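Asker:
2 protein chains.
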Amino acid sequence: MSTTSHPAERILLGPGPSPVPQRVLQALAAPTLGHLDPQYLAIMDETCELMRQVFQTKNLLTFPVSGTGMAGMECIAVNLLEPGDEAIVCVNGVFGGRMKDVMERCGAKVHALEVPWGETYSLEQIAEALDRHPGVKVFAIVQAETSTGAWQSLAGIADLVHSRGALFVVDAVTSLGGHELRVDDWGIDAIYSGTQKCLSCPPGLSPVSFGERALARMDARKTKPQSWYLDVSMLRKYYLSGGGAGGGRVYHHTAPINMTYALHEALTIVLEEGLNARIARHAAMHQRLRRGLEALGLAYIPKNSLHTLNCIGIPAGAEDLKVRQRLLADYGIEIGAGLGVMAGKAWRIGLMGHGSTVRNVDLVLAALREVLR
Amino acid sequence: MSTTSHPAERILLGPGPSPVPQRVLQALAAPTLGHLDPQYLAIMDETCELMRQVFQTKNLLTFPVSGTGMAGMECIAVNLLEPGDEAIVCVNGVFGGRMKDVMERCGAKVHALEVPWGETYSLEQIAEALDRHPGVKVFAIVQAETSTGAWQSLAGIADLVHSRGALFVVDAVTSLGGHELRVDDWGIDAIYSGTQKCLSCPPGLSPVSFGERALARMDARKTKPQSWYLDVSMLRKYYLSGGGAGGGRVYHHTAPINMTYALHEALTIVLEEGLNARIARHAAMHQRLRRGLEALGLAYIPKNSLHTLNCIGIPAGAEDLKVRQRLLADYGIEIGAGLGVMAGKAWRIGLMGHGSTVRNVDLVLAALREVLR
Numbered sequence: 262m263s264t265t266s267h268p269a270e271r272i273l274l275g276p277g278p279s280p281v282p283q284r285v286l287q288a289l290a291a292p293t294l295g296h297l298d299p300q301y302l303a304i305m306d307e308t309c310e311l312m313r314q315v316f317q318t319k320n321l322l323t324f325p326v327s328g329t330g331m332a333g334m335e336c337i338a339v340n341l342l343e344p345g346d347e348a349i350v351c352v353n354g355v356f357g358g359r360m361k362d363v364m365e366r367c368g369a370k371v372h373a374l375e376v377p378w379g380e381t382y383s384l385e386q387i388a389e390a391l392d393r394h395p396g397v398k399v400f401a402i403v404q405a406e407t408s409t410g411a412w413q414s415l416a417g418i419a420d421l422v423h424s425r426g427a428l429f430v431v432d433a434v435t436s437l438g439g440h441e442l443r444v445d446d447w448g449i450d451a452i453y454s455g456t457q458k459c460l461s462c463p464p465g466l467s468p469v470s471f472g473e474r475a476l477a478r479m480d481a482r483k484t485k486p487q488s489w490y491l492d493v494s495m496l497r498k499y500y501l502s503g504g505g506a507g508g509g510r511v512y513h514h515t516a517p518i519n520m521t522y523a524l525h526e527a528l529t530i531v532l533e534e535g536l537n538a539r540i541a542r543h544a545a546m547h548q549r550l551r552r553g554l555e556a557l558g559l560a561y562i563p564k565n566s567l568h569t570l571n572c573i574g575i576p577a578g579a580e581d582l583k584v585r586q587r588l589l590a591d592y593g594i595e596i597g598a599g600l601g602v603m604a605g606k607a608w609r610i611g612l613m614g615h616g617s618t619v620r621n622v623d624l625v626l627a628a629l630r631e632v633l634r
Numbered sequence: 262m263s264t265t266s267h268p269a270e271r272i273l274l275g276p277g278p279s280p281v282p283q284r285v286l287q288a289l290a291a292p293t294l295g296h297l298d299p300q301y302l303a304i305m306d307e308t309c310e311l312m313r314q315v316f317q318t319k320n321l322l323t324f325p326v327s328g329t330g331m332a333g334m335e336c337i338a339v340n341l342l343e344p345g346d347e348a349i350v351c352v353n354g355v356f357g358g359r360m361k362d363v364m365e366r367c368g369a370k371v372h373a374l375e376v377p378w379g380e381t382y383s384l385e386q387i388a389e390a391l392d393r394h395p396g397v398k399v400f401a402i403v404q405a406e407t408s409t410g411a412w413q414s415l416a417g418i419a420d421l422v423h424s425r426g427a428l429f430v431v432d433a434v435t436s437l438g439g440h441e442l443r444v445d446d447w448g449i450d451a452i453y454s455g456t457q458k459c460l461s462c463p464p465g466l467s468p469v470s471f472g473e474r475a476l477a478r479m480d481a482r483k484t485k486p487q488s489w490y491l492d493v494s495m496l497r498k499y500y501l502s503g504g505g506a507g508g509g510r511v512y513h514h515t516a517p518i519n520m521t522y523a524l525h526e527a528l529t530i531v532l533e534e535g536l537n538a539r540i541a542r543h544a545a546m547h548q549r550l551r552r553g554l555e556a557l558g559l560a561y562i563p564k565n566s567l568h569t570l571n572c573i574g575i576p577a578g579a580e581d582l583k584v585r586q587r588l589l590a591d592y593g594i595e596i597g598a599g600l601g602v603m604a605g606k607a608w609r610i611g612l613m614g615h616g617s618t619v620r621n622v623d624l625v626l627a628a629l630r631e632v633l634r
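Here the protein sequences come in this chain order: Y and X.
This note's numbering applies: residue 262 is where the first sequence begins, and numbers increase by one.
This note's numbering applies: residue 262 is where the second sequence begins, and numbers increase by one.
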């Protein structure tokens with residue numbers, strides 16, 4: 262099975278996974294420990310503490326869900342919503358739409374707050390929506406919409422949401438570790454992300470964090486969460502030291518041991534660089550790429566672009582698939598196709614985590630110049 | 262974070278994870294590809310084909326769920342059951358009980374067929390239960406009950422189940438790759454397993470397989486599965502080549518790329534050894550361990566013991582925790598504690614996959630002889 266033995270060394274400049282540092286790959290290959298081994302539990306505790314630092318939160322209930330980012334989304338939905346609850350979800354791309362679907366499957370009545378793809382929300386729009394639907398239990402928004410490359414400001418939203426008694430839920434899959442994100446300062450009650458974007462770890466875990474308000478909501482549930490696998494009332498007894506009866510740990514499921522090693526190492530690298538330096542690097546590389554793309558006559562689709570993912574229109578005369586195939590074949594560069602309504606109309610160039618470098622920016626610009634010639 | 266950089270090299274003789282071959286750890290650390298990269302899709306297709314061979318099935322819909330074994334259990338439950346459906350679950354240990362809980366969370370009415378922990382089921386008991394509950398949509402049983410070490414024969418069950426129009430669902434978490442398991446010959450309609458038991462791959466994926474009857478049931482659903490993450494109607498469009506509209510693949514979630522490499526390598530190793538040789542090795546190592554344990558005066562709890570997991574009573578005078586701690590500290594050997602009602606009463610010694618060797622059997626016997634002295 263030679264293909265597997267030697268996967269090609271791509272330069273991953275799509276919407277994720279992003280390039281994984283060799284240190285993280287090495288951590289992944291460390292000897293497997295048992296999921297109740299004291300040494301593994303220490304590694305897991307450290308991993309959760311590193312996650313708290315990267316999320317900028319003191320939330321005790323911060324842990325990696327044993328699935329990819331969408332499992333984190335579903336974990337938050339099934340635990341915070343009960344059948345009949347109302348929620349508002351901001352839908353301006355694929356991932357907002359997906360959150361609506363996930364929440365509806367929980368039996369919730371979901372009000373979609375829609376704006377055209379690529380646009381984002383003002384505080385006025387959010388306040389109006391909350392006033393239109395006074396009974397909502399959850400208000401959910403995507404900070405970094407991976408399908409459009411649009412960046413959503415989160416400042417000031419919590420006050421609006423909390424004054425109506427709702428919980429503030431954020432999708433940070435494509436922003437955690439690449440954009441400013443202050444879970445506690447911004448009053449976020451529940452948040453999920455993925456490992457394979459700006460943390461530059463392989464996919465397979467979903468960092469989540471729940472604050473006090475979210476905990477109180479879960480403790481007040483009248484029904485069991487519909488998912489056993491994602492039931493936080495049980496997960497917390499495994500992930501939190503002293504979370505079980507008598508202060509011990511209670512086995513729930515077998516955690517993805519080696520993926521936890523990798524996440525630990527990836528988070529360590531993030532904090533070695535420093536969150537502020539890392540965020541500044543993502544901003545600078547975005548500006549460098551933007552200048553180069555605009556010099557090539559390429560235009561951004563969203564008004565407020567993410568630094569981590571650059572969504573540009575496919576220029577007239579260029580063949581979507583052929584361009585991406587040539588980038589892959591001649592340069593080993595992966596960029597992303599358009600998603601949803603943007604299929605065939607957009608390219609998405611990710612500069613995430615380990616991949617957000619001068620070398621990659623200048624290389625992808627050189628490659629596009631050649632391929633679009 | 263030195264603990265993570267150097268996890269100890271344990272000898273994993275508990276209920277899983279089992280020891281991971283170096284080849285599998287190396288595969289895990291191969292460069293990360295994009296989840297839509299043609300090379301990755303080829304690796305995934307190969308992995309699904311290897312899974313079919315190990316499951317002994319032609320089922321097209323055979324793929325790894327992006328979560329640990331319990332995600333596979335939940336995947337089958339949420340896709341095959343709709344609210345109000347009836348099911349029979351055989352409960353003779355923790356995992357049968359868990360399946361009942363998972364299915365009840367799907368809104369199903371679940372009839373537990375209970376026998377004392379450690380015992381298994383006769384065809385007569387199964388036929389009687391099916392006759393008592395004529396409307397059931399699903400009959401579910403655990404082939405290898407990890408909490409008691411009991412082995413359940415599956416021969417002849419399918420005819421009973423199918424003659425009543427129900428689907429035959431099997432938990433094979435602790436048997437796949439270690440015990441005989443013939444999905445097609447035995448008429449199994451849906452089955453799930455884990456990677457970290459007899460396949461000797463780290464935890465993080467759950468191999469599942471669905472047959473034609475299960476597919477027909479899913480196609481006839483009136484409601485969406487309550488889980489978006491585990492919705493097979495979408496997963497099949499990603500995992501099956503040509504599963505999407507127009508014959509293409511449809512993105513669902515970002516698959517755990519590196520874990521797929523590891524599973525590919527682990528399955529390759531299973532088939533290099535040969536399924537029959539591997540099953541015979543597990544049987545021989547079980548017999549060797551049994552002779553040694555019985556010579557030490559230790560007794561098996563289940564009447565029909567698994568070859569892959571040996572569940573023995575803790576002898577009078579031995580301190581459960583102290584013995585396990587000494588095995589870990591002095592020998593680097595992990596064995597399992599009792600689970601559920603067997604906590605404090607049983608030890609579980611796993612001989613799974615790469616761990617089922619003469620070397621490990623003789624070592625754990627020597628260590629127990631010393632520690633129980």
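For every residue, glycine included, the Cβ atom is placed at its ideal position computed from N, Cα and C.
A quick note: this is a predicted structure, and the numbers were derived from the prediction, not measured.
1) Closer than 7 Å by C-beta to G438/X: which residues in its own chain qualify, once you throw out the five before and the five after it? Chain order, please.
2) Measuring CA to CA, which of G599/Y, R359/Y and G448/Y is closest to V226/Y?
3) Restricting to Cα atoms, I'd like to know which of D591/X, Q548/X and V619/X is closest to L629/X.
4) First and last residue of the alpha helix (DSSP H) that includes P299/Y?
5) Per DSSP, I575/X forms a beta bridge with which residues?
6) For E526/X, count neighbouring Cβ atoms within 10 angstroms of its own Cβ and tell me buried if that reaches 16, exposed if not.
7) Please state whether DSSP places M262/Y in a helix, a strand or coil.
8) Only counting runs of 3 or more residues, tell me where the beta strand (DSSP E) segments fall wholly within the region 347-383 of chain Y, in order along the chain.
9) Considering only the alpha carbon of each residue, which of F400/Y, S436/Y and E441/Y lies closest to V422/Y?
10) I want to know whether the region 547-561 of chain Y touches the region 578-589 of chain Y - three or more CB-CB distances under 8 Å.
11) Is M492/Y near G472/Y, with beta carbons less than 7 Å apart?
12) Where does H543/Y fall in DSSP's three states?
13) Between D446/X and chain B, is any beta-carbon pair separated by less than 7 Å?
14) For a quick check, are the C-beta atoms of T293/X and P464/X less than 7 Å apart?
15) Under the three-state reduction of DSSP, which class applies to A433/Y: helix, strand or coil?
16) Based on Cα-Cα distance, which residue from P395/X, A290/X and P278/X lies nearest to P517/X?
17) Report yes if the C-beta distance between V469/Y and C572/Y is below 7 Å; otherwise report no.
18) Shorter than 7 Å from the beta carbon of D591/Y to some beta carbon of chain X?
19) Residues in the same chain with beta-carbon distance under 7 Å from V632/X, minus the five sequence neighbours each way, listed in chain order, please.
20) Does S383/X pass the burial test, meaning 16 or more other C-beta atoms within 10 Å, or should it be called exposed?
21) For a contact meaning CB atoms closer than 7 Å, what does S327/X contact in chain Y?
22) For a cutoff of 7 Å on Cβ pairs, would you count Y490/X as touching chain Y?
23) Can the beta-carbon of K361/Y be found closer than 7 Å to that of V350/Y?
24) Using a Cβ-Cβ distance under 7 Å, would P464/Y count as near chain X?
25) For the beta strand (DSSP E) containing S470/X, list its first residue and its last residue.
26) Considering only their Cβ atoms, is the gap separating G275/Y from G553/Y smaller than 7 Å?
27) For T515/X, which residues in the same chain have their Cβ closer than 7 Å to its Cβ, ignoring the five residues on either side in sequence?
28) Quick one: does K606/Y have its CB under 7 Å from some CB of chain X?
29) Just to confirm the assignment: which complete alpha helix (DSSP H) runs, minimum length 4, are found wholly within the region 560-620 of chain X?
30) Counting only beta-carbon separations shorter than 7 Å, does D432/Y have a partner in chain X?
31) Does any C-beta atom of chain Y lie closer than 7 Å to the C-beta of T409/X?
32) Just the chain X side, please: which residues come within less than 7 Å of K485/Y by C-beta, in chain order?
33) So which residues of chain Y does V403/X contact, with C-beta pairs closer than 7 Å?
34) Please confirm whether E270/X has its beta-carbon closer than 7 Å to some beta-carbon of chain Y.
35) Tell me which residues share the same chain as C462/Y and place their Cβ nearer than 6 Å to its Cβ, disregarding the 5 neighbours each side in the sequence.
36) Against chain Y, which members of the region 507-523 of chain X pass a CB distance test of less than 9 Å?
Answerer: This is what the structure holds:
1) V315, C459, L460, V531, R539 and G614
2) The question about residue 226/Y has no answer, for chain Y in this structure spans 262 to 634.
3) D591/X
4) P299 to F316
5) Looking at the DSSP assignment, I575/X forms no beta bridge with any residue, so it has no partner.
6) buried
7) Here the model assigns M262/Y a pLDDT of 42, short of 50, so the residue's position is not dependable, and the following value carries that caveat. Coil at M262/Y, not helix or strand.
8) 347-352 and 370-375
9) F400/Y
10) no
11) As written in the sequence, residue 492/Y is Asp, which differs from the Met given in the question. Taking 7 Å as the Cβ cut-off, D492/Y and G472/Y do not qualify as a contacting pair.
12) helix
13) Absence of chain B from the displayed structure is noted, the protein chains being Y and X.
14) no
15) coil
16) A290/X
17) no
18) no
19) V584, R587 and L588
20) exposed
21) G328 and T329
22) yes
23) yes
24) yes
25) S467 to F471
26) no
27) H296
28) no
29) 581-592
30) no
31) no
32) R366
33) None at all; the shortest Cβ gap to chain Y is about 16 Å.
34) yes
35) V285, T456, A523, L524 and A527
36) Y512, H513, H514, T515, A516, P517, I518, N519, M520, T521, Y522 and A523
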